[in-house]
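Just so it is clear: in the sequence shown, position 252 is 1413 by this note's numbering, and no numbers are missing. Backbone N, C-alpha and C fix where the C-beta goes; we use that ideal spot for every residue, glycine too. These numbers come from a predicted model, not from an experiment. Read the structure below first, then the notes.
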Amino acid sequence: MTNLKPPLLEMQGISMHFGATKALDKVDFVCKAGEVHAILGENGAGKSTLMKLIAGVLQPTDGMIRVDGEKVSLSSPKAALRHGLVCMFQELSLVPDLTVRENLLLGARDAGLGWLQGKGLDAAQQTLARIGGEDIAQGARVADLTLPQRQQVEIAKAIMKKPRLLILDEATSALSASVVEKVFDLIREERDNGTAVLFISHRFHEIEALADRISVFRNGRRVETFAKGAHDYGAIIDMMVGQKIEELFPPKPPSDPEAEIVLHVEGLNWEDRVKSVNLTVRRGQIIGLGGLDGQGQGAFMMGLFGLLRKTQGTTALAGAPAAITGPKAAKQSELGLAYIPEDRKTEGLILDQSIEENLELAALGRKDLDAGDPSLYAGSLEQLALKHGGLNLPVSSLSGGNQQKVVLAKWLALNPRCLLLADPTRGIDVKTKTQIYNILRKLADQGASVILLSTDYEELIQLCDETHVFFDGQIVASLSGDDLTPQNIIAAALNVSPSGGTAHA
């Protein structure tokens, strides 16, 4: 008689109701040991609810959960951890005022005092090194880390719990390409050692690189589970959104080399992170900024908006010298700059304030606008199709994609001349991404200029008219047309030529 080993995790008839809302509706789901199982679906599809049930954060309204074939009650995260079920949530769960070391060892198995002071320190350092975080000081406060560093610590914290099933929810959304590769190596190593990995990402090239199997969710139901390669990109998108999307990105219009110059930057310097950067942006262009994390592109964009002190160099807007003394000056109508920051949670929104109060933030201090006038935001809210239960609700009640729409809406209401965006689609679903891409292209078609910093090379290629790649504080490659390829972007980001050798001294 054949001895069939039961799956590590099996969920049968799982439903989860929040009042009249069905977040999950009679879902059957299986995850096997030793595989990477990707979970796809737009925001609100039920992915996060499913993960919270597995992690013991929520308990189902109906249905049964088995681990190793035995019925279990995952009544709390501690109960889930006893079965080896560990989740790294998209919304980071680190304690800001504790050190990296203290966060890593929180909840780690067998983490007694002696272990904290001895083997635990070595284990923490080794785990950080596995994901490219060897330079992250264990004694540093988490609050003082960059967003990518915090995400690395979050991943390391999950690994320190020695999971049998590891859930990674948008685990790479803020990471540079080089660190992502190390995280991928770690995931493959965990898989090969028998760990089950549930991987949630909105980046299709990551799914292609990692997944063994894929499950697509829509409207609280599992649509289909299949082996990687069984369906093409377009078919998977159709499953996710329930309607036909011919193209994820809008078509690019022909470039106009004679278009009016809207922004010209000459010799921008800041400390040792931005080094004599020149950039010209014409009316109607979408300009991409790429490169590995921390190579100066983020600081360059912050410098343009007046967020950094003691920058050097000259900036001209519409041919006139621009004295950008700070964000308040940058957003005035005579300059017309708008800035969408990288981390919407901490830099773009005040989470405990209402949606309406957050919408008013960008217009505060504009001499020509009444920030309290609801009609100011009506057009951008309609354009973005923001889903909400009332503008008086806290913005924290919205999904990640709708929160990002609030950040965009408050700036689009100001009719900016030049829009600066730092990874605006990080961690949001395909349908919302498509909305944002179309809005950016429409703004460009109407005469605005867009500078897009992105860690997703598909965005840099498919959406941008030109992409400038940073390395060590400088632009080392300016790519457009047939030269705008993944190979050329990655090579420039590593400061090598596509055929080998150093590209920029």
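Check for me: the beta strand (DSSP E) holding residue i runs from which residue to which?
i       : result
Thr1628 : Glu1627 to Phe1632
Phe1387 : Arg1382 to Ala1388
Asn1378 : Note that residue 1378 is Phe in the sequence shown here, rather than Asn. Arg1374 to Arg1379 is the span of the beta strand (DSSP E), which, as asked, contains Phe1378.
Ser1234 : Here Ser1234 belongs to no beta strand (DSSP E), and DSSP marks it neither H nor E.
Ala1583 : Cys1579 to Ala1583
Leu1359 : Ala1357 to Ile1361
Glu1427 : Ile1422 to Trp1431
Gln1173 : Leu1170 to Phe1179
Asp1330 : Leu1326 to Asp1330
Ile1447 : Ile1447 to Gly1451
What are the start and end residues of the alpha helix (DSSP H) that includes residue i?
i       : result
Leu1465 : Gln1458 to Leu1465
Phe1190 : Not the alpha helix (DSSP H): Phe1190 falls in the beta strand (DSSP E), residues Thr1182 to Cys1192.
Asp1531 : Where Asp1531 is concerned, there is no enclosing alpha helix (DSSP H), given that its DSSP letter is neither H nor E.
Gly1224 : Counting along the chain, Gly1224 falls outside any alpha helix (DSSP H), though it belongs to the beta strand (DSSP E) covering Asp1223 to Val1228.
His1366 : Phe1365 to Leu1371
Gln1648 : Pro1647 to Ala1654
Asn1519 : Ile1516 to Leu1520
Leu1211 : Lys1208 to Ile1215
Phe1345 : Ala1338 to Asp1353
Asp1606 : Val1591 to Asp1606
Ala1319 : Leu1308 to Met1321
Arg1243 : Pro1238 to Arg1243
Residues in its own chain within less than 8 Å of residue i by CB, not counting five upstream and five downstream?
i       : result
Gly1608 : Arg1444 and Gly1445
Lys1594 : His1363, Leu1409 and Thr1586
Gly1180 : none
Ala1298 : Val1261
Asp1305 : none
Asp1433 : Gly1634
Leu1235 : Leu1214, Ile1215, Ala1216, Gly1217, Gln1220, Ile1226, Ala1241, His1244 and Leu1246
Leu1676 : One cannot answer for residue 1676 here, as it falls past the ends of the chain, which runs 1162 to 1666.
For residue i, count the other beta carbons within 10 Å of its own beta carbon; 16 or more makes it buried, fewer makes it exposed. Which is it?
i       : result
Ile1292 : buried
Arg1470 : exposed
Pro1577 : buried
Asp1617 : buried
Thr1356 : buried
Gly1294 : buried
Gln1287 : exposed
Gly1480 : exposed
Ser1339 : exposed
Gly1300 : exposed
Glu1495 : exposed
Glu1419 : exposed
Tell whether a beta-carbon distance below 7 Å holds between residue i and residue j.
i       : j       : result
Pro1257 : Val1303 : yes
Leu1211 : Met1401 : no
Gln1623 : Ile1589 : no
Leu1170 : Ser1176 : no
Leu1613 : Phe1466 : no
Pro1411 : Asn1599 : yes
Cys1625 : Ile1447 : yes
Val1442 : Glu1203 : no
Leu1371 : Val1197 : yes
Leu1552 : Glu1517 : yes
Ala1483 : Thr1472 : no
Gly1174 : Gly1224 : yes
Lys1489 : Gly1526 : yes
Val1438 : Ile1636 : yes
Asp1584 : Ser1557 : no
Lys1183 : Gly1381 : yes
Phe1387 : Ile1398 : no
Arg1383 : Val1188 : yes
Leu1530 : Asn1519 : no
Can you find the residues in the same chain that come closer than 7 Å, C-beta to C-beta, to residue i, ignoring five residues on each side of it along the sequence?
i       : result
Ile1351 : A small correction: the amino acid at residue 1351 is Glu; Ile does not occupy that position in the sequence shown. Within the same chain, Glu1351 has close Cβ partners Leu1327 and Val1358.
Gly1533 : Glu1521
Met1249 : Glu1315, Ile1316, Ala1319, Ile1328, Leu1329, Asp1330 and Ala1332
Ala1491 : Phe1466, Gly1467, Ile1485 and Leu1498
Arg1505 : Gln1564, Gln1565 and Val1568
Lys1193 : Pro1168, Leu1169 and Ala1357
Gly1464 : Leu1429, Trp1431, Val1435 and Thr1472
Phe1345 : Ala1370 and Leu1371
Taking 6 Å as the limit between beta carbons, can you name the residues of its chain near residue i, skipping five residues before and five after?
i       : result
Ser1337 : Leu1453 and Asp1454
Asn1354 : none
Glu1627 : Ile1448 and Ser1641
Phe1631 : Gly1452, Gln1456, Gly1457 and Gln1458
Ala1605 : Gly1445, Ile1447 and Val1611
When you measure from the CB of residue i to every non-hydrogen atom of the ligand FAD, does any distance come out below 6 Å?
i       : result
Gly1474 : In the structure shown, the ligand FAD is absent, as is every other ligand, since no ligand is present at all.
Taking contact to mean at least 3 C-beta pairs separated by less than 8 Å, is the region 1496-1507 in contact with the region 1533-1542? Contact fails: fewer than three Cβ-Cβ distances are below 8 Å.
For the region 1217-1235 against the region 1386-1401, are there 3 or more C-beta pairs whose distance is under 8 Å? Two segments are said to touch when three or more pairs of C-beta atoms, one from each, lie closer than 8 Å; by this definition the region 1217-1235 does not touch the region 1386-1401.
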